[in-house]
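Beneath this line is the structure, given in structure tokens, with notes to follow.
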Amino acid sequence: MDIDTGADIGRGRQGPSSRRRLRAAMAAGTVAVVAAATGAVVLTGTANAASTLRAAAEGDGRYFGVAVGQGDLGNSSATNLAGSQFDMVTPENEMKWDTIEPNNGQYNFGPGDNIVNFATSHNERVRGHNLVWHSQLPGWVSSLPSSQVKSAMESHITTEVSHYKGKIYAWDVVNEPFNEDGSYRQDVFYNAFGGGEQYIADAIRTAHAADPNAKLYINDYNIEGSGSKSNGMYTLAQQLLQQGVPLSGIGFESHFIVGQVPSSLASNMQRFTDLGLDVAITELDDRMPTPASSSNLQQQATDDANIVKTCLNNAHCPGVTQWNISDADSWVPGTFSGQGAATLFDSNWQPKPAYTSVLNALNAGGVMPSNSPSTSPSASPSTSPSSSPSSSPSSSPSSSPSASPSTGGSSCRISYSVSSQWPGGFGANVSITNLGAPISSWKVAWSFGAGQSITQLWNGSYTQSGGNVTVTNVSYNGSIGTGGSTSFGFNGAWNGSNPAPSNFTLNGAACSAG
Ligand code: XIL
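All letters in the sequence shown, in the order written, are residues 3 to 516 by the numbering used here.
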């Protein structure tokens, strides 16, 4: 593949983490710059360069996800890619209302369970998609008398979220609530509640009651750049936060057309994250006329890398999900006539130029996710709706590993960050940086000082005895080279106070914190 990966690292914006990685790799003498036959400069063999999207994303404290449909599960090309390259799964259709509750009160969880089982067996997390949407909605809901819609919606949400409780990282609670001009879609929910914020607030509060540990999103398309629709979503987000509604994030679907990624993506993402919300890229694809031209495939490589870099450069963008696994199972050709070739893998399930550019962008890194606890879904909405889209996310204490970290002579550094907190519960990310000799397995230990306990952990296995916690690697993330890092995350319970622990060890040796 004739992608100029070296140039990708050598120019443009680099976050502290990418500089750190490159420095570490060069210090280790493992960077080889070679001239490929094409004359392109290719950077190969760095100690820290991960070879899958998921491993590279995890090195940045992020996930790289994929939409998987029931039809994919019977196809080994699909399951091989979905099981190896990605670490977050969104069921393509299997958790939508028409599948889950085709008749009033009759629930069908089989297809959704199959997708969850696939994800779990590959150490992947799940984004639940979706609870309330005007589309793929069974006829019985639309024909209910208005007075019955609220209880039908609440029952649907409570039953579905409870069924999957503890298994879902984030729910798209409300999907696509806006018209293109930024007004609310006047669907059955809007009409029954008499307004947009009302049904949306009610849906989010209902989901939160059923699984307080799941992050709760509103998801839409054509809100990725600035404009009327995005302004509508922004106003809604402000209103919900002001009302104390436990909204965690906004999903930018990101169904793009090649060469037309909005130039305001980063600033628009920033204004939402400045409210204290996460913004995830939830349904990425970048379509073009088929058959694909090589120049469009190159443009796609540029587009997709830029989108990933935008996420990595925002400490509150937790990850990117691609919609469908490859061009072979993509929804695009069936929806947009004459268009396709929209994913990172071609119709033979092989990597495209965009795969390489995205992998390189992930390996180059960005800013690490913020440890700001201010994303609390149900904290008082003290985040005044700031209109300062340009304020830097790096003001949070340790969102950016400092350029020359003081390690105090220890052979490891642990960065512990609370990503969200609500009464009784919290989510945290832990990043391990190995400053000693390469290791092939790891065990991180610490003790909680205020009675906190872990309830669910991903990208690791844990035990807890009293306040003492031990986390060990899982099969795919045990190896950490010198200067390399990996991360895991967890949900926990707290009471009274929730101080960050500082007494970390890695394989028995004390680590510095931060
Ligand atoms: C699409 C699926 O990919 C198709 O299989 C289905 O026929 C229609 O829905 N926005 C969303 C997704 O939020 O749920 C949609 O998925 C794509 C657009």
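Every residue gets a Cβ at the ideal spot worked out from N, C-alpha and C, and that includes glycine.
query: Gly73 to Leu508 span [Cα, whole Å]; result: 42 Å
query: Cα-Cα separation between Gly485 and Gly494, rounded to whole angstroms; result: 29 Å
query: Residues near Phe111 in its chain [Cβ-Cβ closer than 6 Å; skip 5 each side]; result: His165
query: Asp222 versus Ser149: straight-line alpha-carbon distance, rounded; result: 27 Å
query: Unbroken beta strand (DSSP E) run spanning Lys217, endpoints; result: 217-222
query: CB-CB length for Glu126 against Ser489, believed under 8 Å; result: Between Ser489 and Glu126 the Cβ distance is about 15 Å, and since that is not below 8 Å, they are no contact.
query: The segment 138-156 touching the segment 185-193, judged by at least three CB pairs closer than 8 Å; result: yes
query: Close-in-space but distant-in-sequence residues of the same chain around Ala502 (CB under 6 Å, 5 per side omitted); result: Tyr418
query: Pair within 7 Å by beta-carbon distance, Arg289 and Gln341; result: yes
query: Range of the contiguous beta strand (DSSP E) that encloses Gln423; result: 414-424
query: Alpha-carbon spacing of Gly261 relative to Val360, whole angstroms; result: 16 Å
query: Span of the beta strand (DSSP E) around Ile206; result: Ile206 -> not in any beta strand (DSSP E); alpha helix (DSSP H) instead, spanning 198-212.
query: Run of the beta strand (DSSP E) containing Pro133, from where it starts to where it stops; result: For the record, residue 133 in the displayed sequence is Leu; it is not Pro. Element bounds for Leu133: 127-134.
query: DSSP-derived helix/strand/coil call for Asn509; result: coil
query: Completely contained beta strand (DSSP E) runs for the segment 224-256, where each covers 3 or more residues; result: 251-254
query: Segment contact, 8 Å Cβ cut-off, at least three pairs: the segment 337-355 with the segment 88-99; result: no
query: Where the beta strand (DSSP E) through Leu75 begins and ends; result: Per DSSP, Leu75 belongs to no beta strand (DSSP E) and is neither H nor E.
query: Residues that DSSP places opposite Val68 in a beta bridge; result: Val91, Gln324
query: Beta-carbon proximity list for Gln458, same chain, < 8 Å, skipping 5 on both sides; result: Gly168, Asn215, Phe492, Asn493
query: Thr54 versus Ala363: straight-line alpha-carbon distance, rounded; result: 12 Å
query: Glu103 in three-state terms, based on DSSP; result: coil
query: heavy atom of the ligand XIL below 6 Å from Asn431 C-beta; result: no
query: Contacts around Ser100, its chain only, beta-carbon distance under 7 Å, and the 5 residues preceding and following it disregarded; result: Ser is not the amino acid found at residue 100; the sequence shown has Asp there. Gln138, Leu139, Pro140.
query: For Gly251 and Trp424, the rounded distance between their alpha carbons; result: 14 Å
query: CA-to-CA distance, Ser157 to Ser481, given in whole angstroms; result: 45 Å
query: Local Cβ density within 10 Å of Asn475, reported as buried at 16 or more and exposed below that; result: buried
query: Given Phe180 as reference, the closest of Tyr236, Gly427, Ile170 once Cα atoms are compared; result: Tyr236
query: Opposing strand residues paired with Arg289 [DSSP bridges]; result: Ile259
query: Boundaries (first-last residue) of the alpha helix (DSSP H) holding Phe120; result: 112-123
query: Alpha-carbon to alpha-carbon, Gly429 and Asn420; result: Here residue 420 turns out to be Val, not Asn, going by the sequence shown. Cα to Cα, the separation comes out at about 6 Å.
query: Three-way DSSP call (helix, strand, coil) for Phe338 in this model; result: coil
query: The ligand XIL heavy atom lying under 6 Å from the CB of Asn95; result: yes
query: Helix, strand or coil at Asp174 [DSSP, three-state]; result: strand
query: Beta carbon of Gly253 nearer than 7 Å to that of Ala209; result: no
query: Beta-carbon gap between Thr81 and Arg129 smaller than 7 Å; result: no
query: Through-space distance from Ala344 to Gln301, alpha-carbon basis; result: 11 Å
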